[in-house]
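My numbering puts the first residue of the sequence shown at 535, with every later residue one more than the last. Every residue gets a Cβ at the ideal spot worked out from N, C-alpha and C, and that includes glycine. Quick caveat, the model's predicted, so the values are computed rather than measured. Encoded as structure tokens, the structure appears first; notes follow it.
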Amino acid sequence: MRPQMAPLSKIRPEMPKTILRIKNLRKVFRNNGSFLTVLDEINFTVRRGEMICLLGRSGCGKSTLLKILAGFLFPSSGAVLINDKPVTGPGPDRCVVFQEDTLFPWLTVKENIAFGLKGRTREKDGMWEEVEHFLSLVGLSEFRDYLPQDISGGMRQRVALARVLILKPKLLLMDEAMACMHPNDIDDMVGFIKRVAEEKNIAIVAMVEHIMRAVIGLAEKVIVLHQGSKIVDAPTKEALEDPKVVEVYLGHAPED
Ligand SMILES: Nc1ncnc2c1ncn2[C@@H]1O[C@H](COP(=O)(O)OP(=O)(O)OP(=O)(O)O)[C@@H](O)[C@H]1O
Ligand SMILES: [Mg+2]
Numbered sequence: 535m536r537p538q539m540a541p542l543s544k545i546r547p548e549m550p551k552t553i554l555r556i557k558n559l560r561k562v563f564r565n566n567g568s569f570l571t572v573l574d575e576i577n578f579t580v581r582r583g584e585m586i587c588l589l590g591r592s593g594c595g596k597s598t599l600l601k602i603l604a605g606f607l608f609p610s611s612g613a614v615l616i617n618d619k620p621v622t623g624p625g626p627d628r629c630v631v632f633q634e635d636t637l638f639p640w641l642t643v644k645e646n647i648a649f650g651l652k653g654r655t656r657e658k659d660g661m662w663e664e665v666e667h668f669l670s671l672v673g674l675s676e677f678r679d680y681l682p683q684d685i686s687g688g689m690r691q692r693v694a695l696a697r698v699l700i701l702k703p704k705l706l707l708m709d710e711a712m713a714c715m716h717p718n719d720i721d722d723m724v725g726f727i728k729r730v731a732e733e734k735n736i737a738i739v740a741m742v743e744h745i746m747r748a749v750i751g752l753a754e755k756v757i758v759l760h761q762g763s764k765i766v767d768a769p770t771k772e773a774l775e776d777p778k779v780v781e782v783y784l785g786h787a788p789e790d
């Protein structure tokens with residue numbers, strides 16, 4: 535008797551799909567008649583569910599790259615594809631959280647979180663239940679009726695994150711969103727992002743961060759930029775131990 539064959543899908547576990555593809559990306563700014571090449575020949579891919587971090591010295595082009603992914607800026611050449619479609623501008627599949635607090639000061643914590651959902655008619659039913667769920671995920675249920683001025687900076691950043699994550703983007707982009715936070719708040723924030731990304735199946739978290747605690751806690755992969763070029767693209771531990779990264783970015787071994 536012939537042995538029964540297992541279906542192919544059971545033999546080969548499916549690799550998560552590539553959802554973000556950056557191809558030969560180049561960005562040149564023109565300033566007072568001279569040209570500045572900020573990003574050059576940048577290529578990388580990100581798979582669904584992957585959390586990546588962009589690292590590099592100040593001015594190496596991290597925020598520029600993040601803004602291009604968000605659709606706020608256009609590349610000079612090359613392409614950014616999400617699910618194989620070119621990014622042509624900002625879209626509801628991408629959300630950005632910056633370092634600065636961008637909450638509406640006249641709205642309460644819960645109204646800030648609900649804000650983006652109000653325009654989405656399909657999600658109006660059950661909107662407040664969803665808001666309550668996100669409030670508890672960020673540990674701010676007790677502060678639902680507070681105004682932003684009456685909570686701490688770390689709490690405000692958690693509200694800012696909840697406000698975008700409730701929209702269930704495919705791609706969450708953070709530009710030094712944890713830069714001004716206390717180490718305990720960073721740990722809470724990292725836990726929150728991981729919980730929500732898993733629970734709501736948010737495809738990617740791409741972040742620009744200088745705080746090693748946040749990078750090590752969140753990123754599976756690190757991409758290091760130096761003078762506009764990608765010099766390392768590797769799993770976090772490997773990347774942070776790479777001699778090139780130690781030399782140009784860290785200046786010392788990561789455990790020092
Ligand atoms: N709109 C612009 N016009 C001209 N030059 C720009 C513009 N935006 C950024 N630059 C230049 O591009 C370079 C990269 O800037 P970018 O903000 O991407 O750096 P960064 O890696 O995010 O730095 P940091 O860690 O300090 O935030 C800098 O030299 C900056 O002056
Ligand atoms: Mg920046």
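Contact check, residue i vs residue j, beta carbons under 7 Å
{"i": "A731", "j": "V756", "result": "no"}
{"i": "L706", "j": "I736", "result": "yes"}
{"i": "M712", "j": "I750", "result": "no"}
{"i": "V631", "j": "Y680", "result": "no"}
{"i": "D709", "j": "S592", "result": "no"}
{"i": "M661", "j": "L651", "result": "yes"}
{"i": "N578", "j": "L570", "result": "Checking the displayed sequence, the identity of residue 578 turns out to be Phe instead of Asn. Going by C-beta atoms, F578 is not nearer than 7 Å to L570."}
{"i": "L637", "j": "V693", "result": "yes"}
{"i": "M585", "j": "A753", "result": "yes"}
{"i": "L573", "j": "G762", "result": "yes"}
Any non-hydrogen atom of ligand 2 within 6 Å of residue i CB
{"i": "K596", "result": "yes"}
Reduced DSSP category for residue i - H, G, I as helix; E, B as strand; rest coil
{"i": "S675", "result": "helix"}
{"i": "R690", "result": "helix"}
{"i": "V782", "result": "helix"}
{"i": "N565", "result": "strand"}
{"i": "T579", "result": "strand"}
{"i": "P769", "result": "strand"}
{"i": "I720", "result": "helix"}
{"i": "A604", "result": "helix"}
{"i": "S611", "result": "strand"}
{"i": "I647", "result": "helix"}
{"i": "H760", "result": "strand"}
{"i": "F526", "result": "Since the first and last residues shown for the chain are 535 and 790, residue 526 lies out of range."}
{"i": "T622", "result": "coil"}
{"i": "L707", "result": "strand"}
{"i": "D574", "result": "strand"}
{"i": "K557", "result": "strand"}
{"i": "I529", "result": "Since the first residue shown for the chain is 535 and the last is 790, residue 529 is missing from the structure and cannot be characterised."}
{"i": "T642", "result": "coil"}
{"i": "M741", "result": "strand"}
heavy atom of ligand 1 below 6 Å from residue i C-beta
{"i": "F649", "result": "no"}
{"i": "V631", "result": "no"}
{"i": "F668", "result": "no"}
{"i": "G605", "result": "no"}
{"i": "F563", "result": "yes"}
{"i": "V572", "result": "yes"}
{"i": "S592", "result": "yes"}
Supposed close pair residue i, residue j - CB separation, criterion 8 Å
{"i": "M715", "j": "Q683", "result": "No, M715 and Q683 are not in contact; Cβ-Cβ is about 18 Å, not under 8 Å."}
{"i": "L699", "j": "F668", "result": "7 Å"}
{"i": "V621", "j": "G595", "result": "Not quite, the Cβ-Cβ distance comes to about 17 Å (not below 8 Å), so this is no contact."}
{"i": "G612", "j": "R560", "result": "5 Å"}
{"i": "R582", "j": "I616", "result": "Not a contact, Cβ separation roughly 11 Å."}
{"i": "K704", "j": "D776", "result": "In fact, because the Cβ distance is near 29 Å, the residues do not count as touching under 8 Å."}
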